[in-house]
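A.B. asks: Structure in structure tokens, see below.
Residue numbers (this note's numbering), protein chains in the order written: chain A, 367 to 644; chain B, 360 to 530.
Spelled out as structure tokens, the structure:
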């Protein structure tokens, strides 16, 4: 016993190393999947508040870009208003259209922290469970898809960006409607994604738009993802893989919209039914 | 003694703030990312007890993790760094013969020793950090390029900041 104690105290550095290394690795393996998120992220009190404070300063520097993009979006929305269309038939009667019910609602949120240069990138936004944000909601901005919510606190939420190892969006080619899935490429370029599993008979063109598909439960169909930029990406086998230039500039995100799909719960319970049947 | 504690406390806070608010936004060609905060562990005094050294490394890593959304990743790499530091110092430095608790700075130890010391420690820390972050062998090539360019960037920043606060040994 005494010899053991002497041995341990002689090589104390190694034993201390073992203790701390194992506890760090336990934290890493246990919480990094965000299935069970902890307080150890940017939505917590200390780091969240500090990021919000610093972001207040930084946002002055990009006011011009934000204004331009908001003005552009306003113009686009104005052009979709009822008042900017004219009727080319003389209306004789009006009907209340009850066919359409709202499926998606949007909550705008400010980005207070964002990275693009790591293998797995996260975005912190200044809206939380108090504002109706829930885990699993999609996030878009005025130029395209941004990611999905993975963790919420009362006032802040954590968004898994498209620039993430596990991010996968159901996508389609805008004009031919061929379904594939979009992931981030392995070469860590924040402007380029990889569109996979397009059937082999399709003949895509460079510059063709890639948008979210009708199968996606997070995003409305037809939200921009990017343009096809290279048809000869490696891999794929029986399917076509191609490179896509993201339409969103992730380095300049300032405001995003969180998408609330009112049919999300029904969709989830349907998907849950699928598993016991298989 | 209390002066040493205050200096290290200030260094901890300044390096963490510098890392998470400024260097986090840095990247050269999306490959090279500097992690200057490990300078805190490099510059702890020689006489730091091992328990305190490992505890501080662990806490520093967790603090950085809190801002980087990577629970445990930086903590694990910093603990590895602390072990390498203990081994390197026990091999190259004679323990006795120091008065008033010197630190392994550039001015105290000379350029050649400090360069080897920081280069070795940075390389091991970054290698561990990048491979643990990716955790896939099939992306090894990109990970290696990122790791080497980031290590060079960090070494450059550490040498620059050491020359900036350069003070020759007063013996």
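Idealized CB from N, CA, C, for every residue including glycine.
Please read these numbers as outputs of a predicted model, since none were measured by experiment.
Excluding five sequence neighbours on each side, which residues of the same chain lie with their C-beta closer than 7 Å to the C-beta of residue 484 of chain B?
C.D. replies: Only 397, 436, 439, 440 meet the Cβ criterion.
A.B. asks: Can a CB atom of chain B be found closer than 8 Å to the CB of residue 378 of chain A?
C.D. replies: It does: the Cβ of residue 378 of chain A has a partner Cβ on chain B nearer than 8 Å.
A.B. asks: Checking the sheet assignment: what are the DSSP bridge partners for residue 515 of chain A?
C.D. replies: DSSP lists A:525 as partners of residue 515 of chain A.
A.B. asks: Run through chain B and tell me which residues come within less than 7 Å of residue 393 of chain A, C-beta to C-beta.
C.D. replies: Here the neighbours are 430, 431, 434.
A.B. asks: Kindly list the residues whose CB is nearer than 8 Å to the CB of residue 457 of chain A, restricted to its own chain and excluding five residues on each side of it in sequence; keep chain order.
C.D. replies: Note that residue 457 of chain A scores 48 on pLDDT, short of 50, meaning its location in the model is unreliable and no value can be drawn from it.
A.B. asks: From B:501, B:402, B:379, pick the residue whose C-alpha is nearest to that of residue 552 of chain A; which is it?
C.D. replies: Per the Cα distances, B:501.
A.B. asks: What do you get for residue 368 of chain A, buried or exposed, if any count of 16 or more other CB atoms within 10 angstroms of its CB means buried?
C.D. replies: Per the 10 Å Cβ criterion, exposed.
A.B. asks: Spell out a yes or no on whether the region 361 to 380 of chain B and the region 388 to 403 of chain B are touching, meaning 3 or more CB-CB pairs, one atom from each, closer than 8 Å.
C.D. replies: Yes, they touch.
A.B. asks: Under a CB-based cut-off of 8 Å, is residue 492 of chain B close to chain A?
C.D. replies: Answer yes: the Cβ-Cβ gap between residue 492 of chain B and chain A drops below 8 Å somewhere.
A.B. asks: Taking buried to mean at least 16 other C-beta atoms within 10 Å of its own C-beta, is residue 556 of chain A buried or exposed?
C.D. replies: Buried.
A.B. asks: Between the region 498 to 513 of chain A and the region 470 to 487 of chain B, do at least 3 Cβ pairs fall closer than 8 Å?
C.D. replies: No: fewer than three Cβ pairs fall under 8 Å.
A.B. asks: So within the region 390 to 450 of chain B, which uninterrupted alpha helix (DSSP H) runs reach at least 4 residues, ignoring any that extend past its ends?
C.D. replies: Counting only runs of 4 or more, we get 398 to 401, 409 to 427.
A.B. asks: Please list, in chain order, the chain A residues whose beta carbon lies closer than 7 Å to that of residue 462 of chain B.
C.D. replies: Chain A residues near residue 462 of chain B: none, gap ~19 Å exceeds 7 Å.
A.B. asks: Taking the alpha carbon of residue 628 of chain A as the reference point, which residue from A:592, A:497, A:432, A:586 has its own alpha carbon closest?
C.D. replies: Ranking A:592, A:497, A:432, A:586 by Cα distance to residue 628 of chain A puts A:586 first.
A.B. asks: Measure the C-alpha to C-alpha separation of residue 451 of chain B and residue 481 of chain B and round it to an integer number of angstroms.
C.D. replies: Spanning the two alpha carbons is a distance of roughly 17 Å.
A.B. asks: How many Å lie between residue 402 of chain A and residue 550 of chain A at the Cα?
C.D. replies: Low confidence applies to residue 402 of chain A: its pLDDT is 48, below 50, so where it sits in the model is not reliable, and the reading given next is rough at best. Their Cα atoms are separated by approximately 24 Å.
A.B. asks: Look at residue 594 of chain A and residue 570 of chain A and say whether their C-beta atoms are less than 8 Å apart.
C.D. replies: Yes, Cβ-Cβ distance for residue 594 of chain A and residue 570 of chain A is below 8 Å.
A.B. asks: Using beta carbons (cut-off 8 Å, strictly below), is residue 402 of chain A in contact with chain B?
C.D. replies: Residue placement at residue 402 of chain A cannot be trusted, given a pLDDT of 48 that sits under 50; the coordinates are not used to answer.
A.B. asks: Please classify residue 508 of chain B: does DSSP put it in a helix, a strand, or coil?
C.D. replies: Three-state DSSP puts residue 508 of chain B in a helix.
A.B. asks: Have a look at B:522, B:432, B:487 and flag the residue whose alpha-carbon is nearest the alpha-carbon of residue 397 of chain A.
C.D. replies: When only C-alpha atoms are compared, the closest one is B:432.
A.B. asks: Please report whether the beta-carbon of residue 457 of chain A lies at a distance below 8 Å from any beta-carbon of chain B.
C.D. replies: Interpretation of residue 457 of chain A is limited by its pLDDT of 48, a score under 50 that renders its predicted location unreliable; the figure taken from the coordinates is listed afterwards. Taking Cβ atoms only, chain B never reaches closer than 8 Å to residue 457 of chain A, which makes this a no.
A.B. asks: Quick one: is residue 413 of chain A near chain B, going by C-beta distance under 8 Å?
C.D. replies: Closer than 8 Å to some Cβ of chain B, the Cβ of residue 413 of chain A qualifies, so yes.
A.B. asks: Which residue marks the beginning of the beta strand (DSSP E) containing residue 605 of chain A, and which one marks its end?
C.D. replies: Where residue 605 of chain A is concerned, the enclosing beta strand (DSSP E) stretches over 605 to 612.
A.B. asks: Applying the criterion that 16 or more other CB atoms from any shown protein chain within 10 Å of the CB defines a buried residue, is residue 525 of chain B buried or exposed?
C.D. replies: So residue 525 of chain B ends up on the exposed side.
A.B. asks: Do you know whose CA, among A:576, A:502, A:545, A:637, lies nearest residue 565 of chain A's CA?
C.D. replies: Checked all of A:576, A:502, A:545, A:637; the closest Cα to residue 565 of chain A is A:545.
A.B. asks: Can you tell which of A:387, A:539, A:443, A:385 has its C-alpha closest to the C-alpha of residue 606 of chain A?
C.D. replies: Nearest option by C-alpha distance: A:539.
A.B. asks: Quick check: is the beta carbon of residue 420 of chain A nearer than 8 Å to any beta carbon in chain B?
C.D. replies: Judged by the 8 Å Cβ criterion, residue 420 of chain A is in contact with chain B.
A.B. asks: So residue 481 of chain A and residue 383 of chain B are supposed to be a Cβ contact under 8 Å. How far apart are they, rounded?
C.D. replies: Confirmed, about 7 Å.
A.B. asks: Residue 498 of chain B versus chain A: which residues are under 7 Å apart at the beta carbon?
C.D. replies: What residue 498 of chain B touches in chain A: 552.
A.B. asks: Just by C-beta distance, which residues in the region 514 to 539 of chain A are closer than 9 Å to chain B?
C.D. replies: Here the close residues are 524, 531.
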